[in-house]
Structure formats: C-alpha cells, structure tokens
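Protein chains in written order, with my numbering: chain B, 2 to 213; chain U, 2 to 213; chain L, 2 to 213; chain X, 2 to 213.
Ideal placement from N, C-alpha and C gives every residue a C-beta, glycine not left out.
To keep things clear, I will list the structure first and then write my remarks on it.
4 protein chains.
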Amino acid sequence: MTTETARVEAFSDGVFAIAITLLILDIKIPTPAGGPLARQLLADWPFYFAFLVSFAFIGIMWINHHRLFTHIKRSDDLLLILNLLLLLGVTSVPFPTAVLAANLGQPGQRAAAVLFNATYVFIAIIFNLLWRYAVSRSHHLLAADADFAAAQRISRQYYFGPVLYLICLGLAWVSVAASLALNAGLACFFAFPPDFVSTRRAKRARPSALQR
Amino acid sequence: MTTETARVEAFSDGVFAIAITLLILDIKIPTPAGGPLARQLLADWPFYFAFLVSFAFIGIMWINHHRLFTHIKRSDDLLLILNLLLLLGVTSVPFPTAVLAANLGQPGQRAAAVLFNATYVFIAIIFNLLWRYAVSRSHHLLAADADFAAAQRISRQYYFGPVLYLICLGLAWVSVAASLALNAGLACFFAFPPDFVSTRRAKRARPSALQR
Amino acid sequence: MTTETARVEAFSDGVFAIAITLLILDIKIPTPAGGPLARQLLADWPFYFAFLVSFAFIGIMWINHHRLFTHIKRSDDLLLILNLLLLLGVTSVPFPTAVLAANLGQPGQRAAAVLFNATYVFIAIIFNLLWRYAVSRSHHLLAADADFAAAQRISRQYYFGPVLYLICLGLAWVSVAASLALNAGLACFFAFPPDFVSTRRAKRARPSALQR
Amino acid sequence: MTTETARVEAFSDGVFAIAITLLILDIKIPTPAGGPLARQLLADWPFYFAFLVSFAFIGIMWINHHRLFTHIKRSDDLLLILNLLLLLGVTSVPFPTAVLAANLGQPGQRAAAVLFNATYVFIAIIFNLLWRYAVSRSHHLLAADADFAAAQRISRQYYFGPVLYLICLGLAWVSVAASLALNAGLACFFAFPPDFVSTRRAKRARPSALQR
C-alpha cells in the first residue's frame with residue numbers, strides 16, 4: 002500500500018523539532034551556591050559546544066530530510082520503517098550529546114567521543130538506505146516528473162556520509178579535539194546543497210546568496 | 002457533528018512524536034564520578050533495551066494510526082474521545098518504560114514487567130475500540146469508496162492485539178525475559194501490513210522490498 | 002490584518018500536544034532503593050490521579066479548541082493574542098498538577114487545590130473571551146455561512162465554565178476531595194458537545210454512540 | 002533550489018511550541034519538606050516572572066514569524082539556514098530564563114540579566130537578517146503580488162529590535178530591575194502590528210479591538 006507523504010513529514014517534523022529543542026535541557030543551570038555566576042557560565046563551555054554541534058547536526062539533517070521529501074511523493078511500508086529507524090537515530094542524539102558534555106576534558110572523553118560519532122555513523126547509514134530505497138525506480142516513490150539528475154547529485158553527496166563519520170570516529174583515538182572539529186565541519190558540508198558540492202554550476206546559474 | 006480529520010491527525014502526530022522523543026530522557030547520563038565511562042555505559046543496558054522496545058512500540062503504533070486514518074475520513078465526538086484515550090496510553094508509555102529500566106535485574110522486575118505489559122494491553126484494547134467504531138458502517142466515518150476488504154483485514158490483525166499482550170503479561174510470572182522477548186516480537190508483527198500477515202497475497206502482487 | 006487560521010491551529014496543536022505529554026514527567030520513577038516496587042507504585046496514587054485529571058482537562062480543552070476553530074475561519078492580531086493567553090494557561094497546567102500531586106494528603110493540600118483550580122478558572126475565562134471575540138459579527142472571523150445557532154449553543158455552554166471552576170476553587174476550603182471530584186466531573190461536562198448539553202436534540206436526530 | 006514554505010513553517014511551529022512549553026519545567030515544584038506551601042509558592046516569584054517574560058517573548062516571536070511567512074512564499078537554502086539560526090535562538094531561551102530565575106535577588110543577578118538580554122539581542126539580529134534576506138526583491142521569495150508597503154513597515158519596526166535589546170543589556174549594569182522591565186515592555190511593542198506602530202492608520206480604518 003502506498004500513500005502520500007504529508008503525515009510522514011508532519012510526524013518527522015515533530016520528532017526533529019522536539020529532539021532539537023530537548024538539547025537545551027542538557028545544559029545544567031548554575032545556582033548561587035556554585036560560586037560566581039559568570040565563572041560558572043564560562044566553565045560550562047563543553048555543554049555549549051556539545052549543544053551547538055548537535056543542534057547543527059539535527060538542523061542540517063532536517064534540511065536534508067526536507068530536501069529528500071521534495072522529491073519523494075509516495076510512501077510505502079518499508080519507507081515508513083526506514084524513516085522510523087532514522088527518527089530512532091534523531092531522538093537518540095540528546096543522549097550521546099549529554100554524555101559528551103559531561104565527560105569532555107575528563108578521563109572518559111574518548112569513550113564519549115566514540116559514542117557520539119557512532120550515533121552519527123548510524124544515522125548517516127540509515128539516511129543512505131532511506132534515500133537509495135526511495136530513488137530506486139522500481140518502487141515508484143518519486144514523482145513521475147522527478148528530476149533524476151538532481152536526485153543523483155544527492156546520492157553522490159550522501160555516499161560520503163558514513164565514511165566521513167567513520168573517519169571522525171577513528172580520529173577520536175588520536176585526538177578527541179580533532180574528531181569533534183571534523184564532526185562540526187561535516188555539518189557545514191551537508192548544509193550546502195548537492196548542486197553546490199558536486200558541480201558548482203549553481204554558482205554560475207544564479208548568484209549564490211552565500212557569497213555576498 | 003462530524004468534521005474532517007486533519008487536525009485530529011496533526012494533534013495525534015504531535016503527541017506520538019513527543020512521547021517517542023521523551024523516551025530518551027529516561028536514560029541517565031553517566032558522569033566522571035561514576036567510574037570508567039565505557040563500563041558505566043555497558044552497565045546501563047536495561048535502559049537501552051527498554052528504550053528500544055518502547056520506541057518500536059510507539060513507532061509501530063504511529064504507523065498503524067497512520068494506516069487507520071488513510072481509511073477514516075470523518076471524525077465525530079466519540080471518535081475524538083476514543084482517540085484521546087489512545088493518546089492517554091501513548092503518553093503514559095515513558096513511565097512504565099522508566100520503571101522497567103530502573104528495575105530490570107532487581108527484585109521488582111516482575112512487577113515492572115506486569116505494569117509495562119498492562120499499559121500495552123490497555124492501548125491494544127483502545128486501538129480495537131477506535132477502529133471498530135470507525136469501520137462500523139452506521140457511523141459513516143470511512144470514505145464512501147473505502148476498501149472494506151482491506152479494512153476487514155486490519156480488523157482481523159487487530160483482534161490478536163489485546164490477547165497477545167495479555168499473554169505477555171501472564172508470561173511475566175513465569176519469566177520476565179520471555180515476556181519481554183515476546184513483547185519485542187509483537188512490535189514486529191504489527192509493523193507488517195495486514196495484507197502481508199493475513200493473506201501474503203501482497204508478496205506475489207509486487208515483489209516485497211522486505212525480502213531482498 | 003486578517004489571515005487564515007491554519008498556522009494558528011498548527012501552533013496550538015503543538016502546544017496542546019506537548020503540554021499533555023509533559024504531564025507524565027511529573028510522575029516520579031520508583032527505584033529499587035525505595036522498597037518493594039508494587040507498594041511504591043500504589044503509594045503514588047496522588048500522582049496518577051493528578052495526571053489523569055490534567056490529561057482529561059487538556060484533552061477536552063483541545064477538543065473544544067478544535068470545535069471552535071471549525072467555526073472560526075480567519076484570525077486577526079487580537080485573536081492571536083487571546084489564543085496566546087489561552088496557551089499560557091495550557092502550558093502552565095503541568096506546574097499546578099505537579100504541586101497538587103506532591104502535596105495531596107499533606108498539610109499543603111488546600112493551597113495546592115486552590116492553585117490547581119485557579120489555573121482552570123483563568124483558562125475558562127480566556128476561553129470565553131476568545132470565543133466571544135471570535136463570534137462577534139463585527140469582527141468577521143467566522144465563515145460567511147457559519148451556523149450561528151450552533152455557535153450560540155457553544156456560547157451558552159461556555160458561560161458556565163468560569164463560574165463552575167470558581168465553585169471548585171471555593172469548595173477546596175470545605176473539602177479538597179469534593180473540590181477535585183467536581184473538577185474531574187467538569188471535564189466530562191465539557192467533553193460533551195453543546196448540542197447534547199443544551200438541547201439534547203442531537204440524541205434524537207441520530208442515535209448517540211455514547212448510549213450503547 | 003527554491004521550494005514552498007509549508008514544511009519550514011511546520012518545523013518552526015513545532016520548535017516554537019516546544020520551547021514555549023518547556024519553560025514551565027524550569028519552575029521547581031515545592032514539596033512538603035520545604036515548609037508551608039503557600040509561603041514557598043510566594044517565594045518563587047522570580048521563577049514566575051522569568052517564565053512570563055520568556056513566554057511572552059517566544060509567543061510574540063511566533064506571531065511575528067507567522068506575520069513574516071504570510072508574505073514569504075518560497076524558501077531557498079540560505080533562508081532555511083537563517084531560519085535555523087533563528088530557531089537556535091528560540092530553543093536557547095529556556096536556558097537563560099532558568100539562569101535568571103535561579104539568580105534573581107542573588108549576587109549573580111547582573112550576569113544573569115546580561116546573558117538573558119544577550120540572547121534576545123542575538124535573536125533580534127537574526128530576525129532582521131532573515132527578513133531583510135526574504136524581502137530583497139532579487140531573491141524572489143515574496144509572492145509576486147506581495148504588499149511591499151506592508152513589508153517595509155515591518156522592516157521599519159524590526160530595525161529597532163537589536164538596538165532596543167542592546168539598551169536593555171546595557172541597562173542591566175545600572176539596574177537589573179529596570180532592564181527587565183524594559184525587556185517586558187518590548188514584548189508588548191512587538192506584539193502590536195507594524196501598521197499600528199508606524200502609522201496608526203489601521204486605527205482609523207477599522208476600530209481596533211484593543212481599545213474597547
């Protein structure tokens with residue numbers, strides 16, 4: 002049974018919106034008993050850093066989910082289940098984020114960084130499976146007049162996802178700081194549309210607002 | 002007064018999305034004071050297990066809610082109230098999940114498993130009532146051109162729900178592990194569309210993506 | 002500036018859905034350290050009671066909000082602000098609910114019941130203001146072909162709201178139990194459609210599903 | 002790639018709705034162990050005050066977001082990213098609110114007020130960037146028949162935002178109370194539609210409901 006995608010998008014929007022908003026709850030509130038407030042606020046930088054990286058990651062994932070579903074026009078049972086697995090990854094993000102924030106600069110920071118990046122590897126793999134399933138012509142989930150060239154550019158960009166996050170994960174053994182810096186950089190990479198990444202034609206076709 | 006179902010679906014989507022996302026808050030965050038991080042993370046397996054079972058359960062329930070409302074085209078006062086009772090069950094899930102996670106492997110694990118399965122029995126009963134009320138031809142809530150054969154296949158699949166979860170509940174007295182394993186298995190059963198479960202015709206009509 | 006109401010409804014649905022789902026977080030999780038689990042679960046009855054009353058209240062309010070916006074077709078600046086005041090009441094509910102749950106059977110239970118009912122008085126007043134503003138013909142917020150007789154029946158039912166919740170509030174000085182019982186009863190009163198309450202004509206026009 | 006704005010609005014609605022509803026979680030629940038309940042409730046006024054200011058701020062921001070997107074008809078990649086930055090500000094609000102509530106009347110209240118107002122300065126700047134990007138004719142994001150005069154009145158009102166919140170921030174060094182009073186007043190200023198603020202013509206065109 003195939004149906005349209007309006008409710009899948011609505012439910013996913015809800016999960017993305019909640020997961021991204023819950024992140025702020027991980028930042029502990031300094032109290033007067035803890036000493037001068039300004040100093041406490043500064044000492045909490047790992048919480049802000051972890052919050053920002055995860056916020057960017059979930060936000061960019063939402064942008065990509067939105068981008069995919071401008072192409073996907075129908076859903077079937079397996080797409081629903083793949084989407085649910087993706088949301089499993091998304092709702093999990095607040096947990097590794099909180100673990101990372103609580104352990105940065107502590108003995109457990111390597112294990113925390115591995116857990117953090119492993120979550121992202123999982124999500125990147127599911128994103129690929131979901132997209133590859135949707136674009137496969139035999140499933141008829143794209144619009145009849147879908148732009149298959151654009152879809153293929155998305156596929157090319159996504160190929161990099163699991164590999165790049167695996168590199169982040171491995172890098173954690175060498176340097177937790179380098180691993181997290183690369184992770185933050187990847188969010189920017191996926192924020193850019195695939196046109197920009199793969200061909201740079203978009204830049205010439207219409208002046209990109211990002212360059213001014 | 003009967004009205005269309007768009008807002009019922011939107012409100013339900015919101016509740017499902019929030020309940021499924023709040024589950025992650027039940028997993029406690031290990032801190033440096035608690036010993037080596039990796040060991041703490043491994044010791045928390047009951048939290049992950051309870052999280053995964055409840056995530057699957059709410060997710061599959063959402064898929065089924067979505068499936069029902071592709072047939073239901075109008076709502077009336079009693080449907081709203083039945084839907085509200087269903088959402089009462091859904092929003093409750095984080096509580097028995099947290100109780101189970103906190104008591105697995107402890108003296109209270111049997112009581113926790115009973116509470117956990119009792120919630121699911123309640124939800125399965127309400128799901129049946131909601132669906133039976135909606136398909137009853139005298140209420141005129143389905144589309145005029147509804148596929149009554151498909152609706153009946155859903156009815157047949159749902160009959161099993163309350164009984165199967167009651168068996169899970171009873172099994173908790175014999176073995177908590179067996180009870181939870183069956184519970185996890187049931188989520189998979191209800192993830193499959195009723196076509197697949199009752200006739201397997203769908204498999205021949207179009208090659209199922211699940212088999213590749 | 003008047004605009005359509007789709008986004009007002011979507012935003013309100015979100016707030017209702019979150020407020021109703023957050024209620025479960027107020028129920029504390031029993032741990033093995035607290036003694037036999039079953040006994041702990043039973044001792045927590047005030048939490049379940051407060052949860053159920055507030056769940057019913059928010060759920061019924063959502064049904065009424067939904068009912069109002071099947072009539073309201075346009076929004077303007079003041080309607081947005083009245084709706085925001087209503088949502089202020091709705092998002093507040095988890096707080097008096099938690100205060101009530103923590104103090105039932107304790108010396109502070111009267112103050113908690115007063116706070117609880119005062120929240121409901123506030124919400125009932127705002128609901129009346131919102132509805133009265135919307136139905137006033139000079140504001141042109143209803144559909145051109147609105148059913149003004151049905152709208153008036155809603156008005157009549159809502160008149161009772163602030164008065165009835167004020168009686169609940171006053172009753173708390175005599176008996177906290179009676180006050181809460183009346184409060185729970187009111188949720189049922191407002192769950193019934195205004196047709197049913199004011200004229201009982203609906204019952205004869207089509208056999209009500211509630212009676213079977 | 003430009004697309005329509007329905008999902009951007011839905012995702013934003015979700016984030017606004019959750020952020021505004023999470024604020025209530027910052028109010029701590031008095032327990033019997035803390036002394037007479039009524040006295041505890043009164044002593045918690047900083048929490049209610051901070052809750053109300055932030056509720057008003059997020060609510061008014063939502064009204065303005067809604068107002069902007071009645072003009073904006075298309076979204077592109079940069080608009081999505083600017084909107085995400087805006088949501089970053091919105092989801093952050095519960096944190097400075099909780100810090101302010103916990104430190105009002107304490108030595109750290111100045112630092113807390115600075116953090117609180119700094120968040121609002123950030124949000125006001127992003128709101129301006131988002132709007133200025135959207136109205137720029139070269140980006141073709143407004144409807145072809147957009148009311149450019151109305152759009153310009155919005156631009157004029159928004160110019161004040163960053164400056165006014167910066168004044169709030171500076172005022173915190175002189176007086177925390179004055180800073181917060183001005184902050185609360187600003188929420189009212191932005192609640193009024195730009196017509197009302199910049200020309201007062203609306204008042205004569207149709208009798209404003211706010212004056213009766």
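{"Item": "Under 8 Å, CB to CB, which of the residues in the stretch 96-108 of chain X have a partner in chain B?", "Value": "96, 99, 100, 103, 104, 107 and 108"}
{"Item": "Measuring straight from C-alpha to C-alpha, what distance separates residue 115(B) and residue 18(U)?", "Value": "28 Å"}
{"Item": "Helix, strand or coil for residue 142(B) per DSSP?", "Value": "coil"}
{"Item": "Looking at chain B, which residues of the stretch 66-98 of chain U have a Cβ within less than 7 Å of any of its Cβ atoms?", "Value": "67 and 71"}
{"Item": "Could you tell me whether the Cβ of residue 119(B) comes closer than 8 Å to any Cβ of chain U?", "Value": "no"}
{"Item": "Between the C-alpha atoms of residue 9(X) and residue 92(U), what's the straight-line distance to the nearest angstrom?", "Value": "26 Å"}
{"Item": "What number of angstroms, rounded off, separates the C-alpha of residue 199(U) from the C-alpha of residue 123(L)?", "Value": "Annotation note: pLDDT 45 at residue 199(U) (below 50); position unreliable, coordinate value reported separately. Taking the straight line joining both Cα atoms gives about 52 Å."}
{"Item": "Based on DSSP bridge pairs, tell me the residues matched to residue 73(X).", "Value": "143(X)"}
{"Item": "Please report the distance separating the alpha-carbon of residue 59(X) from that of residue 21(U).", "Value": "25 Å"}
{"Item": "Could you tell me which residues DSSP pairs with residue 5(U) in its beta bridges?", "Value": "75(U)"}
{"Item": "Quick one: Cα of residue 98(B) to Cα of residue 54(B), how far?", "Value": "9 Å"}
{"Item": "For the alpha helix (DSSP H) containing residue 105(X), name the first residue and the last one.", "Value": "Counting along the chain, residue 105(X) falls outside any alpha helix (DSSP H), and DSSP gives it neither H nor E."}
{"Item": "Closest to residue 101(X) by C-alpha separation, out of 155(X), 61(X), 45(X) and 33(X), would be which residue?", "Value": "45(X)"}
{"Item": "Apply the 10 Å Cβ neighbour rule to residue 63(U) and answer buried if 16 or more other Cβ atoms are within range, or exposed otherwise.", "Value": "buried"}
{"Item": "Run through DSSP, which three-state label would residue 32(B) get?", "Value": "coil"}
{"Item": "Measure from the C-beta of residue 187(U) to each C-beta in chain B and report whether the shortest distance is under 8 Å.", "Value": "no"}
{"Item": "Under the three-state reduction of DSSP, which class applies to residue 176(U): helix, strand or coil?", "Value": "coil"}
{"Item": "Is any beta-carbon of chain B found at less than 8 Å from that of residue 64(X)?", "Value": "no"}
{"Item": "Is the stretch 29-47 of chain X touching the stretch 65-80 of chain X, taking contact as three or more C-beta pairs under 8 Å?", "Value": "no"}
{"Item": "Whole angstroms are fine: how far does the CA of residue 156(X) sit from the CA of residue 169(B)?", "Value": "43 Å"}
{"Item": "Which residues bound the alpha helix (DSSP H) around residue 122(L)?", "Value": "110-136"}
{"Item": "Does any residue of chain X bring its CB to less than 8 Å from the CB of residue 38(B)?", "Value": "yes"}
{"Item": "In this structure, does DSSP put residue 94(B) in helix, strand or coil?", "Value": "coil"}
{"Item": "Which whole-angstrom value describes the C-beta separation of residue 152(L) and residue 61(L), a residue pair presumed to lie in contact below a C-beta threshold of 8 Å?", "Value": "Contact flag wrong, Cβ pair sits at about 19 Å."}
{"Item": "What does the Cβ neighbour count give for residue 211(B), buried or exposed, with the cut at 16 atoms within 10 Å?", "Value": "Residue placement at residue 211(B) is poorly supported in this model, since its pLDDT is 34, which falls under 50; the coordinates are not used for a value here."}
{"Item": "Looking at the structure shown, is residue 14(X) part of a helix, part of a strand, or coil, going by DSSP?", "Value": "helix"}
{"Item": "Indicate the three-state DSSP secondary structure (helix, strand or coil) for residue 47(L) in the structure shown.", "Value": "helix"}
{"Item": "Starting from the Cα of residue 71(U), find the closest Cα among 180(U), 177(U) and 142(U) and give me that residue.", "Value": "142(U)"}
{"Item": "Would you say residue 103(X) and residue 6(B) are within 8 Å of each other, going by their C-beta atoms?", "Value": "no"}
{"Item": "Verify the CB distance criterion: does residue 167(U) have a CB-CB separation below 8 Å to chain B?", "Value": "no"}
{"Item": "Among the candidates 173(U), 159(U), 51(U) and 74(U), whose CA atom is the shortest distance from the CA of residue 119(U)?", "Value": "173(U)"}
{"Item": "With burial defined as no fewer than 16 other Cβ atoms inside 10 Å of the residue's Cβ, what is the status of residue 201(L): buried or exposed?", "Value": "For residue 201(L), the pLDDT reaches just 41, beneath the cut-off of 50, and the residue's location in the model is therefore unreliable, although a value from the coordinates is still provided. By the neighbour-count rule (16 or more Cβ atoms within 10 Å), residue 201(L) is not buried but exposed."}
{"Item": "Exposed or buried, what is residue 15(L) when buried is set at 16 or more other beta-carbons lying within 10 Å of its beta-carbon?", "Value": "buried"}
{"Item": "Could you tell me whether any Cβ in chain B is nearer than 8 Å to the Cβ of residue 116(X)?", "Value": "yes"}
{"Item": "Is the Cβ-Cβ distance between residue 50(L) and residue 25(L) less than 8 Å?", "Value": "no"}
{"Item": "Leaving out the 5 sequence neighbours to the left and right, which residues in its chain are closer than 6 Å to residue 186(U) when beta-carbon positions are compared?", "Value": "none"}
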